[in-house]
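Here the structure is laid out as structure tokens; the discussion comes afterwards.
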Amino acid sequence: MVSSLRLPALTSLFSPSFTRRSTVSLRRRLHLRPPLAAGFSAQSAASSPTETEDRVDSKKSGRVQDRGSTDRVITPRSQDFNAWYLDVIANAELADYGPVRGTMVIRPYGYAMWEAIQDYLNVKFKETGHSNMYFPQFIPYSFIEKEASHVEGFSPELALVTIGGGKELEEKLVVRPTSETIVNHMFTQWIHSYRDLPLMINQWANVTRWEMRTKPFVRTLEFLWQEGHTAHATLEEAEKEALQMIDVYTKFAYEQAAIPVIAGRKSKVETFAGADKTYTIEAMMGDRKALQAGTSHNLGQNFSRAFGTQFTDENGLRQHVWQTSWAISTRFVGGIIMTHGDDAGLMLPPRIAPIQVVIVPIWKKVDEKTGVLDAASSVAETLKNAGLKVKLDDTDQRTPGWKFNFWEMKGVPLRIEIGPRDVSSGTVVISRRDIPGKQGKVFGISMEPSILEAYVKDRLDEIQSSLLQRAISFRDSNIVDVSSYEELKEAISLGKWARGPWSASDADELRIKEETGATIRCFPFKQPQGTKACLMTGKPADEVAIFAKSY
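UniProt numbering applies: residue 1 is where the sequence shown begins, and numbers increase by one.
Shown next, in the form of structure tokens:
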């Protein structure tokens, strides 16, 4: 009999009756860490007034549970998407909470997903002429103040250091919220002539932004990212670079993460502080909220004028450089979870999955064990030699049924089962994570290395494609074309994305945000042909915009 994997309920942790003693007892019984909600919601008189989205959501729902209901499966997505998300992160061992509220510890399985993102992007960055380097995380406050819109945009989120070595500092230091300022300070020292251009670098780093409402991976006080910075001799070169990098992000989202993002330009209201233009990739999550998954900014000459970053052109004239910056962060891990996961837990695209194939040997009698384990080891070696990421779960402390549920919850794309009969017949049983139950299980696949390798690789490719097509269908079925403000409000009230012609003012855009909670996510690069009338004013509009509630 297959036993279900019992997981702790988040809502119990919002109850005052859930004491320290009962938490310890629950940990011992389940051998699991406490859910993330405890760390991202716990209130402390000594901590700042930051409030997490999960605690706010719990307050709104007004759910109360007693101790007797703390032992349960992962919260269904349709019942409480936020609780489901936190349950999955905790029990799939992606992250845990840090001692400072709003921070997280990324655990090995979650970090392996980030490494898969790094591995792909590092290759693409270098193919497009960028070099990796590193800048200090401490930035003089005077640097932030040099670019007016930049300091205005980031001031509420800054973390400041005022004491060092037991003494008050002469100048406050900002803990890196982004690096445009310190990059420009150094570019000014490195760039002198047109021969020094273009200068194109990237760094993998941590960033601190003092968010008031946090959500693991999606929005935390500290997160990991890559940030690219480039300097060019002309506006046209900078614009080409900004568009090139958003294209790199778009291809990554589609080809690796199986997330069908919509690429486009941000509105003036939503443009990065200090940029002339911001390009974005917007992803639809499983709850139909939008996630800004990556951005690329054409900074114009805003920072180079503020810092005096100049070069001598071919005619001997001094010119300010034109710049870009672009970034993707660990927020993308949250996007993968929320795009593909289901009630059983994670569902990972094979090209991102830390483990692509898990092998579960099955035996009942002692004399069967050696033969089954030998066959399982042989299969594992075959697939590893083929370049696949394989886990052989040969522990005997858990039943096969428990292992099936556990690795499904961890999102492993393929499971191979090997029992005594399979050893005798020289075959294995293979189950797909994306197709539950008997429909996703195939019997009698030969263990012969060339046959097995080809079959497994084909199935992994099918899963990758299937997850993308499923996400495209979900996205497209939840985008509504609108031609009036009333239609927009109706679409947003139903949790949909609204797409309609737009040429109205910034004030009108802010009005929509105030009245519906939706913002312009982007003006998509792919635009419909023909004349259009603005949904708000009725005046001619050259472009359609996408509106949605977002993370």
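Just so it is clear, CB atoms sit at the ideal spot from N, CA and C, and this is done for glycine as well.
Computed from a prediction, not measured in an experiment: that's the story for all the values here.
query: Helix, strand or coil for HIS130 per DSSP?
result: coil
Three-state secondary structure assigned by DSSP to THR395: coil
- prompt: Buried or exposed: TYR134, going by 16 or more other Cβ atoms within 10 Å of its Cβ?
  reply: exposed
query: Within 10 angstroms of its Cβ, does HIS192 collect 16 or more other Cβ (buried), or is it exposed?
result: exposed
- prompt: Going by DSSP, which residues form a beta bridge with LYS526?
  reply: BP columns for LYS526 are empty, so no partner.
task: Could you round the C-beta distance between ARG351 and GLN256 to whole angstroms and report it? I think they count as a contact, below 8 Å.
output: 5 Å
task: With a floor of 3 residues, list each beta strand (DSSP E) that falls wholly inside the region 205 to 262, ordered by position along the chain.
output: 222 to 232
Euclidean distance between Cα positions of ILE445 and SER465: 22 Å
query: Can you tell me the Cα-Cα spacing of PRO156 and TRP210, whole angstroms?
result: 7 Å
Buried versus exposed, by CB contacts within 10 Å (16 or more), PRO540: exposed
task: Note down, in chain order, each residue of its chain lying with its Cβ closer than 6 Å to the Cβ of TRP363, except the 5 sequence neighbours on either side.
output: LYS369 and VAL372
task: Would you mind working out which of VAL428, LYS410 and SER550 sits nearest PRO420, comparing C-alpha positions?
output: VAL428
- prompt: What is the DSSP secondary structure of GLY411, counted as helix, strand or coil?
  reply: coil
field: Neighbourhood of ALA275 by C-beta, 6 Å cutoff - its chain only, sequence neighbours within 5 removed
entry: HIS297 and LEU299
- request: Compute the beta-carbon to beta-carbon distance between SER503 and ASP542, rounded to the nearest angstrom, for a pair I have assumed lies under 8 Å.
  value: 7 Å
field: Residue environment, GLU282, which counts as buried when at least 16 other CB atoms sit within 10 Å
entry: buried
query: Looking at the unbroken beta strand (DSSP E) that takes in ARG318, where does it start and where does it end?
result: 318 to 320
query: What are the residues that DSSP puts in a beta bridge with HIS297?
result: THR278 and SER325
- request: Could you check the C-alpha separation between ARG72 and TRP497 for me, to the nearest Å?
  value: Below a pLDDT of 50, predicted positions are generally treated as unreliable, and ARG72, at 43, falls in that range; the measurement from the model is reported next regardless. ARG72 and TRP497: Cα-Cα distance of roughly 33 Å.
task: Could you tell me whether the region 332 to 342 touches the region 376 to 395, where touching means 3 or more Cβ pairs closer than 8 Å?
output: no
message: With a threshold of 6 Å on Cβ separation, who are the neighbours of TYR111 within its own chain once the five nearest residues in sequence on each side are excluded?
response: none
message: Beta-carbon within less than 6 Å of GLU222's beta-carbon, same chain only, minus the 5 sequence neighbours each way: which residues are those?
response: THR103, ASN206 and THR208
field: PHE143 (DSSP reduced to helix, strand or coil)
entry: helix
- prompt: Residue range of the alpha helix (DSSP H) that ILE362 falls in?
  reply: Neither: ILE362 is in no alpha helix (DSSP H) and is coded neither H nor E.
query: Per DSSP, PRO501 forms a beta bridge with which residues?
result: VAL544
- prompt: Touch check for the region 242 to 259 and the region 112 to 121: three-plus C-beta pairs under 8 Å?
  reply: yes
task: Determine the direct distance from the alpha carbon of TYR279 to that of ALA533, and round the result to whole angstroms.
output: 24 Å
Unbroken beta strand (DSSP E) run spanning GLN310, endpoints: 310 to 312
message: Do SER425 and ARG415 have their beta-carbon atoms positioned less than 7 Å apart in this structure?
response: no
message: Closest to PRO99 by C-alpha separation, out of THR309, THR220, ASN315 and GLU170, would be which residue?
response: THR220
query: For LEU224, which option in ASP287, TYR551, ILE328 and PHE547 has the closest C-alpha, if you only look at C-alpha atoms?
result: ILE328
- request: Could you give the DSSP three-state label for LYS172: helix, strand or coil?
  value: strand
- prompt: What distance in whole Å lies between the Cβ atoms of ALA376 and PRO413, which are believed to be in contact at a cut-off of 8 Å?
  reply: Contact flag wrong, Cβ pair sits at about 18 Å.
field: beta strand (DSSP E) segment containing VAL183, residue limits
entry: Segment 180 to 190 is the alpha helix (DSSP H) holding VAL183; no beta strand (DSSP E) there.
query: Any idea which residues DSSP pairs residue 553 with across the strands?
result: A question about residue 553 goes unanswered here, because the residues of the chain that appear run from 1 up to 551.
task: Just tell me which of LEU348, THR271 and MET447 has its CA closest to the CA of ASP374.
output: MET447
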